[in-house]
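Numbering-wise (full-length UniProt numbering), the sequence shown opens with residue 1 and increments by one. Virtual Cβ for every residue (Gly too), placed ideally from N, Cα, C. Treat the numbers as computed from the prediction; the structure is a model and nothing was measured. For reference, the structure discussed in these notes is given below.
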Amino acid sequence: MLRRVGHHPTIKSVRLLIQLPVPPKAKGRKRTRETEKPLSGLDVDALLHHEKRVKISPNNAIPEFKQTLAQAENIEAIKDATKQMMVIVEDQIKHSLGNANYDRVIEALGTMRDELVSYEEPASYNDFLGQLKDKLLQEKLGGDRQELWWLVRRNKLGLVTQRESDQSRVTDTEAKEVSLTKMKE
1 MLRRVGHHPT IKSVRLLIQL PVPPKAKGRK RTRETEKPLS GLDVDALLHH
51 EKRVKISPNN AIPEFKQTLA QAENIEAIKD ATKQMMVIVE DQIKHSLGNA
101 NYDRVIEALG TMRDELVSYE EPASYNDFLG QLKDKLLQEK LGGDRQELWW
151 LVRRNKLGLV TQRESDQSRV TDTEAKEVSL TKMKE
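Below, the structure is given as structure tokens:
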């Protein structure tokens, strides 16, 4: 009886399913994605003739950053948008009375981190965060800003690690060292 069960068509199908290889992890999902088309089929961007955003406004930085990344055609456009956000974030820190702008800065850092990881450019965020910490250590952004670095750590906005993104060169240990480094001794 066991021999007959082994030759049953359902058993053969199950054996074939078990032997199927798992497809490799998909990469580059956002960089080369097509723009979303509405159900009507109309190309809204073409109808409105929007030029590609060149400069990100400090007043509406986060949505414009996301829009700029969505329209980016190459890595240089992504890096340019990141540099613009770096300037905006540093300016917000520098001109913050006490911790008045810290919520905006934390929100901008979180958005930058999430977006750059999804666009597979974690190195841009990691480089920026390293520069930001150096400037905070040297008090180049309007004096003592230790509380801001504490907020960065509390909100888990540290370096993007290899565990979070395949494109990152930062190990968990390195990220922890950067995060835990004391601001002042």
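The beta carbon of I106 sits closer than 6 Å to those of L151, N155, all from its chain and outside the five residues before and after it, given in chain order. Comparing C-alpha distances from E73 to each of L136, Y119, D134 shows the shortest one belongs to Y119.
Positions of the alpha helix (DSSP H) runs, each at least 4 residues long and wholly inside the UniProt domain "Ku C-terminal" (60-177), are given as 61-71, 75-94, 102-118, 122-137, 146-154 in order along the chain. Shown here, V14 sits in a helix according to DSSP, grouped into three states. In the assembly as shown, S165 is a buried residue. Its beta-carbon has 16 or more other beta-carbons within 10 Å. Rounded to the nearest whole angstrom, the CA to CA distance from W149 to R104 is 14 Å. When DSSP states are grouped into helix, strand and coil, L180 belongs to the helix group. The residue among L129, T10, T111, K55 with its C-alpha nearest the C-alpha of E90 is L129.
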